[in-house]
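Asks:
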Amino acid sequence: DAGITQSPRHKVTETGTPVTLRCHQTENHRYMYWYRQDPGHGLRLIHYSYGVKDTDKGEVSDGYSVSRSKTEDFLLTLESATSSQTSVYFCAIRTQGARYNEQFFGPGTRLTVL
Amino acid sequence: KNEVEQSPQNLTAQEGEFITINCSYSVGISALHWLQQHPGGGIVSLFMLSSGKKKHGRLIATINIQEKHSSLHITASHPRDSAVYICAVVTGANSKLTFGKGITLSVRP
Chain A
20 DAGITQSPRH KVTETGTPVT LRCHQTENHR YMYWYRQDPG HGLRLIHYSY GVKDTDKGEV
80 SDGYSVSRSK TEDFLLTLES ATSSQTSVYF CAIRTQGARY NEQFFGPGTR LTVL
Chain H
96 KNEVEQSPQN LTAQEGEFIT INCSYSVGIS ALHWLQQHPG GGIVSLFMLS SGKKKHGRLI
156 ATINIQEKHS SLHITASHPR DSAVYICAVV TGANSKLTFG KGITLSVRP
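Protein sequences, first through last, are from chains A and H. Just so we're aligned, residue 20 is where the first sequence starts under our numbering, counting upward by one. Just so we're aligned, residue 96 is where the second sequence starts under our numbering, counting upward by one.
1. Report yes or no: do three or more beta-carbon pairs, one from the region 83-102 of chain A and one from the region 36-53 of chain A, lie closer than 8 Å?
2. Helix, strand or coil for Arg41 (chain A) per DSSP?
3. In whole angstroms, what is the alpha-carbon distance linking Gly123 (chain H) and Lys163 (chain H)?
4. Name, please, each residue of chain A whose Cβ falls closer than 8 Å to the Cβ of Ser190 (chain H).
5. Which residue wins for smallest C-alpha separation from Arg87 (chain A), given the options A:Ser106, A:His66, A:Glu121, A:Thr105?
6. Out of A:Met51, A:Ser80, A:Phe123, A:Arg113, which has the shortest C-alpha to C-alpha gap to Val71 (chain A)?
7. Using the beta-carbon of each residue, which ones in chain A are nearer than 7 Å to Lys149 (chain H)?
8. For Phe113 (chain H), which residues of its own chain have a beta-carbon under 8 Å away from its beta-carbon, when the five flanking residues on both sides are left out?
9. Starting from the beta carbon of Gly127 (chain A), find every residue of chain H whose beta carbon is closer than 9 Å, and list them in chain order.
10. For Val185 (chain H) versus Ser119 (chain H), is the C-beta spacing smaller than 7 Å?
11. Over the uninterrupted beta strand (DSSP E) stretch that includes Lys149 (chain H), give me the two end residues.
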């Protein structure tokens, strides 16, 4: 499972509240990604990080911010959650070494915004 | 037009059948992933390939870079193969993934 955990695994929140999702990895991978998965759209990239304090936007970044203050943690924040952000969120890491450039996914966080 | 197209959209097979799932893409890529997701489950990487063919157990993945096409084959299919199969292409210096919408496979006993 490439040592990836996500927390929380499930969250229900109300419109307008801030929400932070955490992705934690134990294998010191440089690249980390946040995706959302929605019916009819599949998986889409929100933000990614290529090192501590180095992040960039993906295709659906509006309404989201990220931070990476240490290698093992990549945080996704919804500053003011909206119902359109109800989704399943997956974090991924990109490997180096023998399985170079392959991405492995965390278990996902199911977020419901009421 | 989506950059990554998968076909067929949904697929039902009888246990034991040979199954082929296709993926076509329209951009230049450095590699292609095949991913599997069981209902309510996480996403598992089956293969990453940039040329030729790879085999793991009953699964075989092929890619034709010139034709921008990849196939995932399942031999001797089993009900536990029932899942969503997702194709994703790797592009750019930061290896971003662009995903197809996935194929829902149901294998009946």
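In this text, a Cβ means the ideal position worked out from N, Cα and C, and glycines have one as well.
Replies: With the given structure in hand:
1. yes
2. Locating residue 41 (chain A) in the first sequence gives position 22, where the first residue counts as 1. Here Arg41 (chain A) sits in strand by DSSP.
3. Counting from 1 along the second sequence, the entry for residue 123 (chain H) is found at position 28. Counting from 1 along the second sequence, the entry for residue 163 (chain H) is found at position 68. Using only the alpha carbons, I get a separation of about 8 Å.
4. The count along the second sequence starts at 1 and reaches residue 190 (chain H) at position 95. Near Ser190 (chain H) (Cβ distances below 8 Å), the residues of chain A are Tyr50, Arg113, Asn120, Gln122.
5. Reading the first sequence from its first residue, position 68 is the one you call residue 87 (chain A). It is A:His66 whose Cα lies nearest to the Cα of Arg87 (chain A).
6. For the purposes of this step, residue 71 (chain A) is taken as residue 52 along the first sequence, with counting starting at 1. The option with the nearest alpha carbon to Val71 (chain A) is A:Met51.
7. Taking the second sequence and counting its residues from 1, one reaches residue 149 (chain H) at position 54. The contacting residues do not exist; Lys149 (chain H) stays about 12 Å from chain A at best.
8. In the second sequence, counting from the first residue as 1, residue 113 (chain H) sits at position 18. Correct list, in chain order: His168, Ile169, Thr170, Ala171, Ser172.
9. The residue you call residue 127 (chain A) lines up with position 108 of the first sequence. Within 9 Å Cβ-Cβ: Gly136, Gly137, Ile138.
10. Along the second sequence, one-based indexing puts residue 185 (chain H) at 90. Along the second sequence, one-based indexing puts residue 119 (chain H) at 24. Not in contact: Val185 (chain H) and Ser119 (chain H) (Cβ atoms no closer than 7 Å).
11. Looking up residue 149 (chain H) in the second sequence gives position 54. Looking at the DSSP string, the run of the beta strand (DSSP E) that includes Lys149 (chain H) is 147-151.
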